[in-house]
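S.K.: Encoded as structure tokens, here's the structure I'll be asking about.
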Amino acid sequence: MADIELIITNATIATASDTLPNTDIAISHGKIFLLGQNLPALFPTAPTLSADGAYVLPGGVDSHVHLQQDNSPTGDTWETGTRSAIAGGTTTVLAFASQKRTDESLFPVVEEYHRRARGNAHCDYGFHLILSNPTPHILENELPILVKEEGISSVKLYMTYQPMRLRDSELLDVMGTTRSLGMTTMIHAENADMIDWMTRRLEARGHVQPYAHALARPNIAEDEATYRALSLAQLADVPILIVHMSSAVAAGHVRRAQTKLLPVHAETCPHYLFFTAEKLRGEGFSGAMCVCSPALRESAMDLDAMWDGLVNGTFTTFSSDHAPAKYDHPLGKKKGTETFTQIPNGLPGLETRMPSLFCAGVLTGRLSVQKFVELTASNPAKLYGLSDTKGTIAPGYDADLVIWYPTPEQAEAFAEKTGKTTGSKGMTPFKLSNAMLHHDIDYTPFEGMEFTNWPRYTILRGKVVYDRDGAGVVGVRGDGGYLKRGRSTLSRPRGVFVNEFDPYAT
Ligand SMILES: [Zn+2]
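Convert by adding 12 to the 1-based position in the sequence shown; the result is the number in my numbering.
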């Protein structure tokens, strides 16, 4: 007989394809062992945890997270960032190991990020490589080893930010390599020269307040660079993901490319669903809290377009782009009190990613629960080579689970079924304040937002690591382990070129 360490009873399981009501989940050795009815009768000595009829969904996979990078000295550490992850229902983060221009080899970079993360993470984790100096030596000799030995199957490339931006020719060279290695290529698409040109003029005329950040990075900079990234990827016949999209026109470029069956993916983030550039006009310097790139958009039509893109499949993943800096700190946001160009870019959002979309999307009927699971867990697992262990609820998969609170309808159904009203614990809606969060940042852009649900329990490989009504974070740092990843199972090069010439033919 199997060792069953936990049975979750009376779950409403939802995956990216189905909803299974009144189901029990038996967990053995950190993995899902069995789904079925009345499992405690089969395993009478196993401990149980009732879901009270509520949704039990796959643990979140947040595939765009910045932790403890050198360029953000006041941001979250691996410990505090991943602590906030589990308190928001995320059990896997993919963060960045970031190469500096002066780094001639990637091996010490990866080793250094291992050193920072090892023993400190509350959830499982992997690394994407940020390439800012993709020398031929690195592309030919180092990337193949990192794919094979380290299981690092994705890179991120920047078209903007002077210390990291790559020229088009460099982007193409990297794409040729990632194509041959089966890596997923992530691209930050904004036109660096447009932004620099606008920035110089804004500063020269004394427009130095946080709001000028949005003026310096208009939609057109994202629209142009997105179209160019799609064109480069088409030329190179390589699957890409455009990260953190915010503009309706840019999302339209992606949608048209997908209609032509190009292997193109895209991502958007919570802040592009909920906030406009109005946030940057906050009192005094407070707008700096919402300085991120791409900038929050002027028009609510862009926000609607991001919601549409989540529903209609333009976006493959929904990630936090957690890239925080403390507000009230001379090396944090306040670095930019003289001019907006010195404000560190980025927002905290790891903990609020899942609950904000669950409440504003699933519970309002704007997004199906299937789509929610696909965007927050299944697709990131598939795109980044974790599709055999993460992102769904099925026997053999890691028992990474989020138990939500029963909705009033679910609580009523549970009471009817069991005769137990006391067991079905709903959640009282509340307004979020930063003090409730588990990151190490002194603000949240979601301050004051009402939440009608939240992860009640987060379970990492069978272990309860977050118990909202009990002791809160009950996992410890070091619970999370490093994930060696394989290839994307979502898309691959098509072997289709823009003309009769195959640029890879030998
Ligand atoms: Zn980012």
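From the three backbone atoms N, C-alpha and C, an ideal C-beta is built for every residue, glycine too. Everything numeric in this text was worked out from a predicted model, so none of it was measured.
#1: Do you know offhand how far D115's Cα is from V121's?
#2: Taking K383 as the reference, which of L444, D320, I37 and P420 has the closest Cα?
#3: How is Y125 classed by DSSP in three states: helix, strand or coil?
#4: Could you compute how far the alpha carbon of L32 sits from the alpha carbon of Y67?
#5: Which of the three DSSP states, helix, strand or coil, is assigned to R213?
#6: Quick one: complete alpha helix (DSSP H) runs, 4+ long, within the segment 226-311?
#7: Does the beta-carbon distance from S165 to R506 come in below 7 Å?
#8: Which residues in the same chain as A233 place their Cβ atom closer than 6 Å to its Cβ, once the five residues preceding and following it in sequence are excluded?
#9: Does DSSP put G194 in a helix, a strand or coil?
#10: Can A335 be considered in contact with ligand 1, in the sense that its beta carbon sits closer than 6 Å to one or more heavy atoms?
#11: Comparing C-alpha positions only, which one of R473, F55 and A99 sits nearest to K402?
#12: DSSP on D115, reduced to helix/strand/coil?
#13: Is it a yes or a no for the segment 261-276 touching the segment 184-193, going by three-plus beta-carbon pairs under 8 Å?
#14: Among residues of its own chain, excluding the 5 on either side of P52, which ones have a beta-carbon nearer than 8 Å to its beta-carbon?
#15: Please name the residue in R480, S380, Q354 and Y516 whose C-alpha comes closest to that of Y173.
#16: Take the Cβ of F370 as the centre, count every other Cβ of all protein chains shown within 10 Å, and call the residue buried at 16 or more, exposed below.
#17: Confirm, please, whether the CB-CB distance from A107 to E386 is below 7 Å.
#18: Using only CA atoms, which one of L285, G325 and N324 lies nearest to L308?
#19: Would the segment 454-461 count as touching the segment 480-498 if we require 3 or more Cβ pairs under 8 Å?
#20: CB of G188 to nearest heavy atom of ligand 3: below 6 Å?
#21: Check whether the Cβ atoms of V77 and H277 sit closer than 7 Å, and answer yes or no.
#22: Let me confirm a value: V4 is counted as buried when at least 16 other C-beta atoms fall within 10 Å, else exposed. Which label applies?
M.R.: Taking the geometry as given:
#1: Along the sequence shown, read from residue 1 onward, the residue named residue 115 stands at position 103. Along the sequence shown, read from residue 1 onward, the residue named residue 121 stands at position 109. Approximately 8 Å between the Cα atoms of the pair.
#2: Residue numbering aside, residue 383 sits at position 371 when the sequence shown is read from its first letter. Nearest C-alpha to K383: D320.
#3: Locating residue 125 in the sequence shown gives position 113, counting from the first residue. Reduced to three states, the DSSP call for Y125 is helix.
#4: On the sequence shown, residue 32 is found 20 positions in, with the first residue counted as 1. On the sequence shown, residue 67 is found 55 positions in, with the first residue counted as 1. Between L32 and Y67, the C-alpha separation is close to 10 Å.
#5: Here residue 213 corresponds to residue number 201 of the sequence shown, with the count starting at 1. Look at R213 here: in three-state DSSP terms it is helix.
#6: Listed in chain order, the complete alpha helix (DSSP H) runs (minimum 4 residues) inside the segment 226-311 are 231-248, 260-271 and 283-286.
#7: Residue 165 sits at position 153 when you count from the first residue of the sequence shown. Residue 506 sits at position 494 when you count from the first residue of the sequence shown. No, the Cβ-Cβ distance between S165 and R506 is not below 7 Å.
#8: As a working note, residue 233 is residue 221 in the sequence shown. Contacts found: E202, N203, M206 and I207.
#9: Locating residue 194 in the sequence shown gives position 182, where the first residue counts as 1. Coil, per DSSP.
#10: Locating residue 335 in the sequence shown gives position 323, counting from the first residue. Indeed, a heavy atom of ligand 1 lies less than 6 Å from the Cβ.
#11: The residue given as residue 402 occupies position 390 in the sequence shown. Of the listed residues, the one whose Cα sits closest to K402 is R473.
#12: Residue mapping note: residue 115 aligns to position 103 of the sequence shown, counting from 1. It is coil, neither helix nor strand.
#13: no
#14: Position 40 of the sequence shown, counted from the start, is the residue given in the question as residue 52. Same-chain partners within the cutoff: I19, T21, D36, A58 and T60.
#15: On the sequence shown, position 161 is the one that residue 173 refers to. Checking every option, the nearest Cα to that of Y173 belongs to Q354.
#16: Along the sequence shown, one-based indexing puts residue 370 at 358. So F370 ends up on the buried side.
#17: Here residue 386 refers to the residue found at position 374 of the sequence shown. Here residue 107 refers to the residue found at position 95 of the sequence shown. It is not a contact, given that the beta carbons lie outside the stated cut-off.
#18: The count along the sequence shown starts at 1 and reaches residue 308 at position 296. Comparing Cα positions, the closest option is L285.
#19: no
#20: Of the ligands this structure carries, namely ligand 1, none is ligand 3.
#21: Here residue 77 is taken as the residue at index 65 of the sequence shown, counted from 1. Here residue 277 is taken as the residue at index 265 of the sequence shown, counted from 1. Not closer than 7 Å, so no.
#22: With the chain covering 13 to 518 only, the question about residue 4 has no answer from this structure.
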